[in-house]
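Student:
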Amino acid sequence: MISRILVPMDDSDPAGNALAYALENFPDAEVTVLHVVGVPSMLMGEAAGLALEDDLDDAARERAEPVFERASRRAADHDREVGTVVGVGHPARNILDRADNYDTVVLGSHGADWNRASHRFLVGNVAETVLRRASVPVTVVR
Amino acid sequence: MVEYLLALGVVAAVFVGFNIGGSSTGITWGPSVGAGIVRKSTAAGVMTVFVFLGGWTVGRNVMTTLSEGIITMELSLSAGVAVLFFIGLGILVANIFGVPVPTSMTTVGAIAGLGLATDTLNYRTIAEIISWWVVTPVLGFWIGVTVGRYVYPVIDRRVQIETSRGPLLVLDREGRLPRPALGPNTTGRELVTTVVVLTIGCYMAFSAGASNVPNAAAPLVSGGNLGTDVGILVATGAIGLGGFTIARRTMTSVGGELSEIPLLAALFVMVTASTITTLLSWIGIPISLVMGTVMTIVGLGWGRATRPITVRGAVTRDTADHEIAPGAITADTAPERAAAPIGEPEPQPVLDARELFNPRAVIKYVSMWVIGPTMSTALAYVFFRLVPGAT
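First to last, the protein sequences are chains A and B.
Take 88 as the starting number for the first sequence in our numbering and just add one per residue.
Take 4 as the starting number for the second sequence in our numbering and just add one per residue.
(1) What do you get for Ala130 (chain B), buried or exposed, if any count of 16 or more other CB atoms within 10 angstroms of its CB means buried?
(2) In the structure shown, what three-state DSSP assignment does Glu339 (chain B) receive?
(3) If you measure from the beta carbon of Thr239 (chain B) to each beta carbon in chain A, is any gap under 8 Å?
(4) Hey, how far is the Cα of Thr110 (chain B) from the Cα of Thr191 (chain A)?
(5) Spatial neighbours of Ala383 (chain B) within its chain, please: CB distance less than 6 Å, with the 5 preceding and 5 following residues excluded, ordered by chain position.
(6) Give, in chain order, every residue of the stretch 90 to 122 of chain A whose Cβ lies closer than 7 Å to some Cβ of chain B.
(7) Residues of chain A with a CB under 8 Å from the CB of Pro376 (chain B): which are they?
(8) Of all the CB atoms in chain A, is at least one closer than 8 Å to the CB of Asn361 (chain B)?
(9) Quick one: is the Cβ of Ala15 (chain B) within less than 7 Å of any heavy atom of the ligand MN?
(10) Going by the DSSP bridge assignment, what does Leu139 (chain A) pair with across the sheet?
(11) By how many angstroms is the C-alpha of Ala213 (chain B) removed from the C-alpha of Met273 (chain B)?
(12) Of the choices A:Met129, A:His165, A:Val124, A:Leu110, whose alpha-carbon is the least far from that of Asp98 (chain A)?
(13) What's the C-alpha gap between Leu8 (chain B) and Phe247 (chain B)?
(14) Out of B:Val390, B:Arg307, B:Ser284, state which residue places its alpha-carbon closest to the alpha-carbon of Gly57 (chain B).
(15) Taking the DSSP output, what are the residues bridged to Arg91 (chain A)?
(16) Tell me which same chain residues have a C-beta within less than 8 Å of the C-beta of Leu244 (chain B), skipping the five on either side of it?
(17) Would you say Gly132 (chain A) faces chain B, with C-beta separation under 8 Å as the test?
(18) Take the Cβ of Met88 (chain A) as the centre, count every other Cβ of all protein chains shown within 10 Å, and call the residue buried at 16 or more, exposed below.
(19) Find out if the Cβ-Cβ distance for the pair Met298 (chain B), Pro140 (chain B) is shorter than 8 Å.
(20) For Val193 (chain A), which of helix, strand or coil comes out of DSSP?
(21) Just grab the DSSP bridge partners of His122 (chain A) for me.
(22) Using a Cβ-Cβ distance under 8 Å, would His177 (chain A) count as near chain B?
(23) Check this for me: beta carbons of Arg161 (chain A) and Gly198 (chain A), under 8 Å apart or not?
(24) Tell me where the alpha helix (DSSP H) around Val148 (chain B) begins and ends.
(25) Which residue wins for smallest C-alpha separation from Gly234 (chain B), given the options B:Ala47, B:Met50, B:Trp59?
(26) Between Asn181 (chain A) and Asp187 (chain A), what straight-line distance do the alpha-carbon atoms span, to the nearest angstrom?
(27) Do you know how far the Cα of Lys43 (chain B) is from the Cα of Gly136 (chain A)?
(28) Span of the beta strand (DSSP E) holding Val227 (chain A)?
(29) Measure how close the beta-carbons of Ile146 (chain B) and Gly302 (chain B) come, nearest whole angstrom, since I'm counting them as under 8 Å.
(30) Indicate whether at least one CB of chain A lies closer than 8 Å to the CB of Gly29 (chain B).
(31) Can you give me the start and stop residues for the alpha helix (DSSP H) that Tyr108 (chain A) sits inside?
(32) Name the chain D residues whose beta carbon is nearer than 7 Å to that of Thr275 (chain B)?
(33) Which term fits Arg127 (chain B), buried or exposed, when burial requires 16 or more other beta carbons within 10 angstroms of its beta carbon?
(34) Output needed in chain order: residues of the stretch 198 to 211 of chain B with a Cβ under 8 Å from some Cβ in chain A.
(35) Measuring CA to CA, which of B:Leu201, B:Thr121, B:Met66 is closest to Val385 (chain B)?
(36) Determine which residues of the stretch 134 to 160 of chain A have a Cβ less than 7 Å from any Cβ of chain B, and write them out in chain order.
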């Protein structure tokens, strides 16, 4: 039985759809939303900015808050609550490292940075990597 | 015919300069524009002046390397125009795919390709340039690490960067002669901040000029098709044009990314990158501002992420959440906490800043510094082989 679901999210539309899909199709499952901050970029600005903060946990939480708020609002529409986890660094790695603690992963087909080709080439297609390497079943939502 | 070709070359040079202006103005002024210290048009204006100064002085050394050092012959007009098109192509690819391809590298690559095709490549010079390209990122990284680990935390505690609303300075008309006075909300500290930020920005603009003006000008200057001074003026004009137009966007995009770093840290990065770039340009090595910048940022972040935990920090953490489990006595109880019972949400793990600088992710970006110049060398080689008349 699917009782624990990991939904990795950013602020893209497919991520929102993934959460909606998980909430609708698994009404009794525990849904945890994961958001990764400090993703590698051309100048590594976001990563360095986080590293320079005094309290990494607080700073990462603060940066992830908008995504979690949106997720909570969506969950509230379904009369549900979601757990939240924040990760730092490489998105696919973060998801794969945690996937073992869940029964399934539901994620959007592409993130908000999809249009930046550099992100696709250099950070990688997160959904594809997770799909290929995850040890648990993965659902990709468009 | 020659006039048309020269006109085409100048158009290509302006295209190259225009794009360089966009990217380098973004890196140079993004942080201060983001912090609201400088307006975009002021930034572009100051940029143009200091790019000119950099190109006119230190830039001449790089110009000499590009036009006489890498290959033993002079670039003909048609070869110069072709080289400019390869530089432009590199920029186009970088813009379309959003990957960091330093212009100086594309330029050297294209000229080296020409040298290979005509058997006029000066291997000594090219080896020297490539060794500096290897040394520079390592140097930037270690300076960043040292600053991030030991210098930045100390300075950060003592220095506060302030900005207030309203004009920085106003004219005090109370006295007999109007004289400038601090604006309504300006503090003395803010005035100092602004002056420091402006000065460092000018320094970086100078280094951008020293390293980048030759990229746009050298291919035409080499064969004497354009006088050196005229070349510098054309390149500066084009960079300035880019600064006033597309830099409005790059100051937000590139600058937006730099704005994620505290302004104080950004200033450290700017000083380090500018110094590396200016010194290398001084000895005639073509180098891009972006290389020093990126590696200093990575070093700064990594140095801070891997900083040793201070005694005070370790003690507070210990009493706060009993994370440290020394010895075998407590080891038995540890697994219970590690595995959360089924049905309970995953506890938020303590984040590790080192994960921010996963070497593989950084290497992917840096690999563009190998792929970029290699591609431009190969393309130029093939082109000049197939079209021998162009040399």
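Quick reminder that beta carbons are idealized off the backbone N, C-alpha and C, glycines included.
The model shown is predicted, which means the values in this text are computed figures rather than measured ones.
Tutor: The short version:
(1) Classification of Ala130 (chain B): exposed, given that the 10 Å Cβ count is below 16.
(2) Confidence is the limiting factor: at Glu339 (chain B) the pLDDT is only 39, short of 50, which leaves the residue's position unreliable and the question unanswerable from this model.
(3) no
(4) 50 Å
(5) Phe89, Ala113, Gly116, Leu117
(6) Ser90, Glu117, Thr119
(7) Here the premise fails: no neighbours, minimum Cβ distance about 18 Å.
(8) yes
(9) Summarising the ligand content, the structure contains no ligands, and the ligand MN is consequently not present.
(10) According to DSSP, Leu139 (chain A) bridges with nothing at all.
(11) 15 Å
(12) A:Val124
(13) 28 Å
(14) B:Ser284
(15) A:Glu117
(16) Val17, Gly20, Phe21, Gly24
(17) yes
(18) exposed
(19) Yes.
(20) In this structure, Val193 (chain A) counts as strand in the three-state DSSP scheme.
(21) Answer is A:Val173.
(22) It does; some Cβ of chain B falls within 8 Å.
(23) no
(24) Per DSSP, Val148 (chain B) belongs to the alpha helix (DSSP H) from 126 to 149.
(25) B:Trp59
(26) Annotation: Asn181 (chain A) to Asp187 (chain A) spans about 11 Å, alpha carbon to alpha carbon.
(27) 23 Å
(28) 225 to 228
(29) 7 Å
(30) no
(31) 100 to 112
(32) Among the protein chains of the structure shown, namely A and B, there is no chain D.
(33) exposed
(34) none
(35) Considering only B:Leu201, B:Thr121, B:Met66, the residue with the shortest C-alpha distance to Val385 (chain B) is B:Thr121.
(36) Ala134, Ala135, Gly136, Leu137, Ala138, Leu139, Leu143, Asp144, Ala147
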